[in-house]
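Residue numbers (this note's numbering), protein chains in the order written: chain A, 3 to 339; chain B, 3 to 339; chain C, 3 to 339. Since the structure comes first, as structure tokens, the remarks are kept for the end.
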Amino acid sequence: MDSKKVVIGTLGSHSALQILKGAKDEGFPTLIVTIPKHKEFYKTFQFIDEVICIDSFSEFPSIENELIKRCVILIPHGSYVAYLGFEKNKNMKVKYFGNKNVLDWESDRDKQKEWLSTARINMPKQYELNDDISFPVIVKSHGAAGGNGYFLANDMTELKEKISTFEHKKYVIQQYIVGVNLYVHYFYSPLTKRLEIMSMDRRYETNVDSLGKIPHDIQKEIHINPSYVVVGNSELVLREGMLSKAYEMGRDVIEASKKLVDKRGLYGPFCLETIITPDQNFHVMEISCRIVAGTNLYINGSAYSWLNYNEPMSTGRRIAREIKKAIKENELDLLLD
Amino acid sequence: MDSKKVVIGTLGSHSALQILKGAKDEGFPTLIVTIPKHKEFYKTFQFIDEVICIDSFSEFPSIENELIKRCVILIPHGSYVAYLGFEKNKNMKVKYFGNKNVLDWESDRDKQKEWLSTARINMPKQYELNDDISFPVIVKSHGAAGGNGYFLANDMTELKEKISTFEHKKYVIQQYIVGVNLYVHYFYSPLTKRLEIMSMDRRYETNVDSLGKIPHDIQKEIHINPSYVVVGNSELVLREGMLSKAYEMGRDVIEASKKLVDKRGLYGPFCLETIITPDQNFHVMEISCRIVAGTNLYINGSAYSWLNYNEPMSTGRRIAREIKKAIKENELDLLLD
Amino acid sequence: MDSKKVVIGTLGSHSALQILKGAKDEGFPTLIVTIPKHKEFYKTFQFIDEVICIDSFSEFPSIENELIKRCVILIPHGSYVAYLGFEKNKNMKVKYFGNKNVLDWESDRDKQKEWLSTARINMPKQYELNDDISFPVIVKSHGAAGGNGYFLANDMTELKEKISTFEHKKYVIQQYIVGVNLYVHYFYSPLTKRLEIMSMDRRYETNVDSLGKIPHDIQKEIHINPSYVVVGNSELVLREGMLSKAYEMGRDVIEASKKLVDKRGLYGPFCLETIITPDQNFHVMEISCRIVAGTNLYINGSAYSWLNYNEPMSTGRRIAREIKKAIKENELDLLLD
Numbered sequence: 003m004d005s006k007k008v009v010i011g012t013l014g015s016h017s018a019l020q021i022l023k024g025a026k027d028e029g030f031p032t033l034i035v036t037i038p039k040h041k042e043f044y045k046t047f048q049f050i051d052e053v054i055c056i057d058s059f060s061e062f063p064s065i066e067n068e069l070i071k072r073c074v075i076l077i078p079h080g081s082y083v084a085y086l087g088f089e090k091n092k093n094m095k096v097k098y099f100g101n102k103n104v105l106d107w108e109s110d111r112d113k114q115k116e117w118l119s120t121a122r123i124n125m126p127k128q129y130e131l132n133d134d135i136s137f138p139v140i141v142k143s144h145g146a147a148g149g150n151g152y153f154l155a156n157d158m159t160e161l162k163e164k165i166s167t168f169e170h171k172k173y174v175i176q177q178y179i180v181g182v183n184l185y186v187h188y189f190y191s192p193l194t195k196r197l198e199i200m201s202m203d204r205r206y207e208t209n210v211d212s213l214g215k216i217p218h219d220i221q222k223e224i225h226i227n228p229s230y231v232v233v234g235n236s237e238l239v240l241r242e243g244m245l246s247k248a249y250e251m252g253r254d255v256i257e258a259s260k261k262l263v264d265k266r267g268l269y270g271p272f273c274l275e276t277i278i279t280p281d282q283n284f285h286v287m288e289i290s291c292r293i294v295a296g297t298n299l300y301i302n303g304s305a306y307s308w309l310n311y312n313e314p315m316s317t318g319r320r321i322a323r324e325i326k327k328a329i330k331e332n333e334l335d336l337l338l339d
Numbered sequence: 003m004d005s006k007k008v009v010i011g012t013l014g015s016h017s018a019l020q021i022l023k024g025a026k027d028e029g030f031p032t033l034i035v036t037i038p039k040h041k042e043f044y045k046t047f048q049f050i051d052e053v054i055c056i057d058s059f060s061e062f063p064s065i066e067n068e069l070i071k072r073c074v075i076l077i078p079h080g081s082y083v084a085y086l087g088f089e090k091n092k093n094m095k096v097k098y099f100g101n102k103n104v105l106d107w108e109s110d111r112d113k114q115k116e117w118l119s120t121a122r123i124n125m126p127k128q129y130e131l132n133d134d135i136s137f138p139v140i141v142k143s144h145g146a147a148g149g150n151g152y153f154l155a156n157d158m159t160e161l162k163e164k165i166s167t168f169e170h171k172k173y174v175i176q177q178y179i180v181g182v183n184l185y186v187h188y189f190y191s192p193l194t195k196r197l198e199i200m201s202m203d204r205r206y207e208t209n210v211d212s213l214g215k216i217p218h219d220i221q222k223e224i225h226i227n228p229s230y231v232v233v234g235n236s237e238l239v240l241r242e243g244m245l246s247k248a249y250e251m252g253r254d255v256i257e258a259s260k261k262l263v264d265k266r267g268l269y270g271p272f273c274l275e276t277i278i279t280p281d282q283n284f285h286v287m288e289i290s291c292r293i294v295a296g297t298n299l300y301i302n303g304s305a306y307s308w309l310n311y312n313e314p315m316s317t318g319r320r321i322a323r324e325i326k327k328a329i330k331e332n333e334l335d336l337l338l339d
Numbered sequence: 003m004d005s006k007k008v009v010i011g012t013l014g015s016h017s018a019l020q021i022l023k024g025a026k027d028e029g030f031p032t033l034i035v036t037i038p039k040h041k042e043f044y045k046t047f048q049f050i051d052e053v054i055c056i057d058s059f060s061e062f063p064s065i066e067n068e069l070i071k072r073c074v075i076l077i078p079h080g081s082y083v084a085y086l087g088f089e090k091n092k093n094m095k096v097k098y099f100g101n102k103n104v105l106d107w108e109s110d111r112d113k114q115k116e117w118l119s120t121a122r123i124n125m126p127k128q129y130e131l132n133d134d135i136s137f138p139v140i141v142k143s144h145g146a147a148g149g150n151g152y153f154l155a156n157d158m159t160e161l162k163e164k165i166s167t168f169e170h171k172k173y174v175i176q177q178y179i180v181g182v183n184l185y186v187h188y189f190y191s192p193l194t195k196r197l198e199i200m201s202m203d204r205r206y207e208t209n210v211d212s213l214g215k216i217p218h219d220i221q222k223e224i225h226i227n228p229s230y231v232v233v234g235n236s237e238l239v240l241r242e243g244m245l246s247k248a249y250e251m252g253r254d255v256i257e258a259s260k261k262l263v264d265k266r267g268l269y270g271p272f273c274l275e276t277i278i279t280p281d282q283n284f285h286v287m288e289i290s291c292r293i294v295a296g297t298n299l300y301i302n303g304s305a306y307s308w309l310n311y312n313e314p315m316s317t318g319r320r321i322a323r324e325i326k327k328a329i330k331e332n333e334l335d336l337l338l339d
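See the structure below:
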């Protein structure tokens with residue numbers, strides 16, 4: 003690839019606006035691949051140089067050669083992985099920002115558990131159906147599905163009944179921890195070996211984030227099935243006395259990945275999805291090994307990024323800056339797969 | 003009106019600080035009309051050139067001639083409409099940013115319903131008292147009352163009892179949709195025919211946003227009547243895959259207004275107040291045809307405004323910029339009524 | 003103290019990052035005193051010139067002479083007071099930003115009540131155990147404990163039982179007010195006698211902010227004890243029509259302190275912790291007479307600070323700017339104790 007001709011590209015959904023705004027701010031040409039229903043919307047943004055439209059996201063591989071010819075570096079995000087699927091993604095030949103070997107460890111719940119355990123990260127208990135389960139539990143489908151298909155169960159009858167009608171084949175039964183959600187967004191630079199906390203968020207989930215507004219009297223009479231579909235994110239900062247712990251969790255995850263995955267390990271943006279209990283402990287439900295949607299709050303920087311940069315620094319822009327630095331230092335291979 | 007002497011003015015409440023800060027940033031002289039209890043507070047801000055104090059907001063028409071003489075362009079906001087009332091507002095002669103014909107369509111629930119239907123916008127069901135009502139329902143008074151007087155009813159007895167003591171004469175009985183709230187703030191430029199999403203928010207309502215913190219055991223024993231009085235707003239971003247739909251809803255509302263209201267239709271800032279259900283559908287409860295209080299979060303720009311502007315752009319400033327552009331292009335008549 | 007050699011220092015926790023980033027932005031050398039578990043984390047920030055590590059925060063007085071020799075001005079925050087304790091703090095000789103006489107009035111619940119009453123501030127009822135108590139009540143330990151040890155009680159049996167096992171000796175029994183929380187962050191300048199609203203926040207408390215997500219059916223079966231441990235903060239703006247009241251409360255608290263405490267009274271950053279009921283009234287639960295953690299959201303400024311400054315202005319930076327101005331005007335004694 004001719005590093006002077008690099009174009010930053012991504013799939014038109016999830017965090018594409020942030021990624022391409024950041025790329026443009028760092029001086030790159032930008033390209034988006036999207037579907038008809040999003041096309042006109044993405045065309046309204048001046049920082050997107052080119053909009054390529056395909057019929058559905060699953061057809062993405064069909065334009066791969068075009069992207070390779072155009073020197074595109076593809077920035078993956080949650081929807082990218084969800085739409086393409088694991089196998090298609092691994093087989094793509096277009097330059098990919100990130101270490102694809104990490105995907106094996108992230109997508110398999112058992113391997114993810116081994117990874118987090120190696121990093122000495124505290125996790126909720128996971129159960130099999132025939133375990134001695136302590137209820138309530140939350141059942142989650144595999145992959146980045148934005149909370150779609152998650153459900154809560156309070157006893158074995160409810161659990162079995164709901165699982166029997168469960169449309170997603172792969173799932174995990176997780177201890178339901180009573181505590182508040184907090185998602186920590188990290189960036190690890192393979193060039194400088196430096197870890198940064200970029201920002202944090204809490205998810206905005208429908209309908210579960212509206213349940214509390216319905217008084218007891220009415221909840222008693224209308225049965226509401228809680229659902230966990232993520233439709234937005236809102237800002238948060240963490241109690242400062244807990245920040246060093248959050249930072250160490252990120253560092254430990256990186257170090258463990260270098261042992262378990264390969265020498266390069268995890269790098270670039272990633273996220274730990276935590277629940278915090280009243281003893282101020284983090285319980286990590288999941289790791290996401292790429293940019294997460296919660297970073298969309300911080301197009302102009304977060305409380306944390308302003309500590310490290312005297313200019314607006316979104317996670318999207320941070321990715322582009324890493325690529326720019328790698329091009330300058332002739333180290334682009336360190337970043338791409 | 004001498005366009006070289008334009009002063010941006012508004013009523014001292016609601017979003018006046020944002021409007022006048024934005025006006026000053028765009029180079030306009032600024033004026034506020036307020037009441038004694040707010041006077042000293044507004045005087046602490048350097049970007050407000052003049053504070054005019056009247057005894058009560060309803061006396062506003064008495065200073066109208068003064069404002070006309072001073073070349074004031076009045077920026078309306080939610081409190082402006084609520085304090086003046088529909089008739090007084092329509093009869094004012096001072097230059098008004100916006101199309102007053104829109105007021106007829108916004109203030110009448112049936113016309114608003116026709117408008118949103120024409121725009122193919124999804125709405126909660128509305129009931130009459132003798133309909134076959136599917137409970138729970140939320141009952142809302144007409145006009146911009148900041149959630150004051152809204153109530154929830156779970157059966158016909160409760161509904162009739164509460165309505166009988168209802169202080170507001172006009173109301174609407176709306177299906178209570180279980181889902182999360184999200185308010186989308188738009189700006190449509192009559193000069194460029196371009197629509198922008200400026201920002202989003204969720205409301206902070208007392209006491210309903212504190213109900214969930216009270217455990218079931220205690221809610222059972224102390225009966226709490228939920229209330230929906232808006233006392234603040236907090237930040238949000240929307241899942242990016244739903245943004246193009248949010249954008250289209252705004253566009254469709256503008257287009258429908260050009261058919262139904264008049265050739266100019268709705269322009270400037272407006273807001274769709276939505277509830278999002280787990281199927282990721284928007285249900286629009288209401289349209290507000292002017293600047294809403296949720297934009298007060300974004301004095302220095304929002305995640306969305308930073309995508310379109312490389313400088314801080316609040317909705318208040320966006321209004322002033324439109325006026326500035328219109329003055330330059332000698333098109334001020336397009337904006338004012 | 004040689005005012006040309008001033009170093010801004012604080013304890014490494016709570017809001018230290020904000021304080022020292024602000025100090026550096028105003029041109030001061032910076033120093034942090036922290037404990038081993040936070041040391042590496044604080045070393046990652048370029049705006050911290052020196053990290054001093056002590057074994058535990060309670061050993062802070064042992065390095066006092068060193069700090070005095072180095073011309074350190076110490077900026078106190080919530081953890082500073084909690085870790086050192088009242089007596090140690092009062093006896094420290096290192097230059098302290100703030101009026102230490104205020105501590106007597108803040109730390110004693112009866113004196114605080116007298117102070118707020120003098121300022122005509124609305125407060126929740128406080129009860130003694132043998133009062134005729136109207137339940138529910140919330141019981142709070144004294145001092146800045148981040149919500150740790152707070153509990154809710156719904157009748158006398160529960161209250162007595164919980165108090166009997168209460169680890170904190172000093173506590174207050176407060177009427178539980180059903181309404182939304184809002185914390186107002188002020189700064190009062192002793193140099194200009196000007197009061198500013200810097201920002202606002204709501205706390206993020208575990209587990210109480212996650213209770214509402216658990217449906218009625220499940221809360222009925224699993225008993226959850228609500229807890230109020232603050233682990234984060236999120237952004238808010240207040241309805242503009244209530245801002246002048248918020249401003250006046252701050253002003254009245256300052257004026258009352260000049261009568262009750264001493265001529266200087268309270269100055270610098272402080273916070274009123276309010277609950278807002280549906281009648282739009284503020285109920286002030288507590289006053290914090292120093293920088294609070296909620297300001298950590300606004301490293302790059304808040305909606306309110308952007309109204310007053312055309313540059314990013316956190317509360318931490320505002321403190322440093324006051325010190326800078328005092329040095330220039332040879333008035334440093336007005337600020338320090």
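Yeah, the Cβ is synthetic: ideal placement off N, Cα and C, and Gly gets one too.
Three or more Cβ pairs closer than 8 angstroms define a contact, and the segment 118-131 of chain A falls short of that threshold against the segment 195-211 of chain A.
Secondary structure of Pro126 of chain B (DSSP, three-state): coil.
If you check the CB distance, Ile140 of chain C and Tyr152 of chain C come in under 9 angstroms.
The shortest C-alpha to C-alpha distance from Leu131 of chain A to any of A:Glu163, A:Lys115, A:Leu105 and A:Asp110 is the one to A:Glu163.
Using beta-carbon distances, Tyr249 of chain C counts as an interface residue toward chain B, with a partner under 9 angstroms. About 6 angstroms separates the Cβ atoms of Phe99 of chain A and Leu337 of chain A, confirming a contact at the 8 angstroms cut-off. For Gln177 of chain A, the secondary structure class from DSSP, reduced to helix, strand or coil, is strand. Lys71 of chain A and Phe62 of chain A have their C-alpha atoms spaced approximately 15 angstroms apart.
Pairing Ile278 of chain C with Met244 of chain C gives a Cβ-Cβ distance under 9 angstroms. Nearest C-alpha to Lys26 of chain A among A:Gly149, A:Ala328, A:Asn332 and A:Ile321: A:Ile321. For the 9 angstroms CB-CB criterion, Gly11 of chain C and Ala84 of chain C do not form a contact. Residues of the segment 236-264 of chain B with a C-beta less than 7 angstroms from any C-beta of chain A: Ser236, Glu237, Leu238, Val239, Leu240, Arg241, Glu242, Gly243, Met244, Leu245, Ser246 and Tyr249, listed in chain order. If you look at Asp134 of chain B, you'll find it isn't in any beta strand (DSSP E); DSSP assigns it neither H nor E.
Pairing Ala155 of chain C with Phe284 of chain C, the inter-Cα distance amounts to about 23 angstroms.
For the segment 195-221 of chain C, the beta-carbon criterion of a distance under 8 angstroms to any beta-carbon of chain A is satisfied by Tyr206, Glu207, Thr208, Asn209, Asp211, Ser212, Leu213, Gly214, Lys215, Ile216, Pro217, His218, Asp219 and Ile220. Closer than 9 angstroms to the CB of Ile75 of chain C there is not a single CB belonging to chain A.
For the segment 8-40 of chain C, residues whose beta-carbon sits nearer than 7 angstroms to a beta-carbon of chain A comprise Ser15, His16, Ser17, Ala18, Leu19, Lys23, Lys39 and His40. Per DSSP, Met200 of chain A lies in no alpha helix (DSSP H) segment; the continuous beta strand (DSSP E) that holds it begins and ends at Leu197 to Asn209.
One finds nothing in chain B with a Cβ atom closer than 8 angstroms to the Cβ of Thr120 of chain C; even the nearest lies about 20 angstroms away.
Here DSSP, grouped into helix, strand and coil, assigns Ile34 of chain A to strand. Contact annotation for Val182 of chain B against chain A: Tyr206, Glu207, Thr208, Asn209, Val210, Asp211, Ser212, Val233 and Gly234 [CB-CB distance below 9 angstroms, chain order]. In this chain, the alpha helix (DSSP H) harbouring Asn67 of chain B covers Glu66 to Lys71. Contact between the segment 291-304 of chain C and the segment 15-32 of chain C is present: three or more C-beta pairs spanning the two stretches fall below 8 angstroms. With contact defined as three or more Cβ pairs closer than 8 angstroms, the segment 49-64 of chain A and the segment 26-39 of chain A are in contact. Listed in chain order, the alpha helix (DSSP H) elements of length 4 or more contained wholly in the segment 203-255 of chain B are 218-223. As computed with DSSP, Glu52 of chain C is found in a beta bridge with C:Leu33.
Residue pairing by DSSP puts Pro271 of chain A in a beta bridge opposite A:Phe189. A direct Cα-to-Cα measurement between Lys97 of chain B and Glu275 of chain C gives close to 42 angstroms.
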